[in-house]
Structure formats: C-alpha cells, structure tokens
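Visitor:
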Amino acid sequence: MQPYPTIQNYGYGNNQYGYQQPVNPYQDRLTQLQNQYNQSTPYNQPMIQQPQQLSMLSGQMVGSLDEVKGKDVDLSGNPTWYPKVDGTEVYRKQLQPDGTSKILTYTLSQEGMQEQSKQIVDANMINSLFVQLKQDIMTEISGIKDLVETSISLPGEPSKTQRGGSQK
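Residues 21 to 188 (my numbering) are what the sequence shown spells out, left to right.
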C-alpha cells in the first residue's frame, strides 16, 4: 500500500520530442491569438505600430491656492495643472531644478486693454500725489527754518525777576 497516490505527469505534458514541458493554458491561448492575428494580416504589407500618445494634462480641480500648496509635486519635473472650480484661475505646479516647487497662477482676463488703461491712470494719480506731498513738506521745512532764524536773530530777553525769595 502506498501512502500517497503516484501522479505520473505532475502538471507537465510530454511534447513530440519526448521531454517534459510545463502546461500553461494562458501561454497556449496567447500563441493561438498571435497566430490568428498573423494569418489575418497580409504578408506583403508591413505592420506599422504607432505608439499612442495620451494628450491629457495631469491635475485636479481645486477650490483655492491653499489646496494647490497642499498637493504633492510631480517628481518627474512635468507640470501639474490645477484649474479652479469657478473657472477664473488655473494653477501650474512644477518641480524646479533646485528641488523646490513653483506655483504659477493664470488668471482669466475678460476686460483686456481697459484694465491696463486704468492702471496707467492710477499710476499718474499716484505720481501727482507724491509731487503734491513733496511740495507740502518743502513748505513746512522752509517755515520751520524761518522760525529758527528769527529766534536766533532776536537779542536775549532780560531775565524775569523773581519775587518772593530764592528758588533754586
């Protein structure tokens, strides 16, 4: 009596040459599909394989800049894009060569040139305010100089006499 049943094959099949070969149904199916595919393509036309390029941008929708700051930066150096939920801004986060991350903000501009003209007017207004402030300061300084000169040019006034005793 044998303690264990004897299995002659142990999962290996004999091939036509007499040596044992492992039976792998997945490999057999793959070979069948490859043979079927090769039969369907004509032999006189070469097969051209073009790599598929995914034109997707990596990133996620965010609510604010604080969320972008909390996100991990792509270590490959490729930029990651984070559009704001309301559609007014897009953030770009990218790893810099020195190891830091940089966030650029792109803002939607609907007004275009009108906004720039407002900035020029504001800059002119600020310049005129500074000129006016400078003139006011100069007049105040000249007034102080006049007061100092008049107090120096006056002869010393007689000291007031004290009444009631000596106070030291």
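Cβ atoms here follow ideal geometry from the backbone N, Cα and C, with glycine treated the same way.
DSSP state of Q114, grouped into three classes?
Guide: For the purposes of this step, residue 114 is identified with residue 94 of the sequence shown, where counting begins at 1. The answer is strand: DSSP assigns Q114 an E or B state.
Visitor: Since G93 and S129 are thought to touch, with beta carbons under 8 Å apart, how far apart are those beta carbons, to the nearest angstrom?
Guide: Within the sequence shown, residue 93 is the residue found at index 73, counting from 1. Within the sequence shown, residue 129 is the residue found at index 109, counting from 1. In the sequence on display, residue 93 carries Val and not Gly. Contact doesn't hold; Cβ gap of about 27 Å is too wide.
Visitor: Just to confirm the assignment, what range does the beta strand (DSSP E) spanning K122 have?
Guide: For the purposes of this step, residue 122 is taken as the residue at position 102 of the sequence shown. Unbroken beta strand (DSSP E) run through K122: S121 to T127.
Visitor: If distances are taken between C-alpha atoms only, which option among N98, S96, R112 and L77 comes closest to E87?
Guide: Within the sequence shown, residue 87 is the residue found at index 67, counting from 1. Looking at the Cα atoms, R112 is the closest of the given residues.
Visitor: Can you determine whether any heavy atom of the ligand COA sits closer than 8 Å to the C-beta of P103, and answer yes or no?
Guide: Judged by which ligands are present, the structure shown has none, so any question about the ligand COA falls away.
Visitor: With burial defined as no fewer than 16 other Cβ atoms inside 10 Å of the residue's Cβ, what is the status of V82: buried or exposed?
Guide: On the sequence shown, residue 82 is found 62 positions in, with the first residue counted as 1. Per the 10 Å Cβ criterion, buried.
Visitor: Which partner residues of E109 appear in the DSSP bridge assignment?
Guide: Residue numbering aside, residue 109 sits at position 89 when the sequence shown is read from its first letter. Beta-bridge pairing links E109 to T127.
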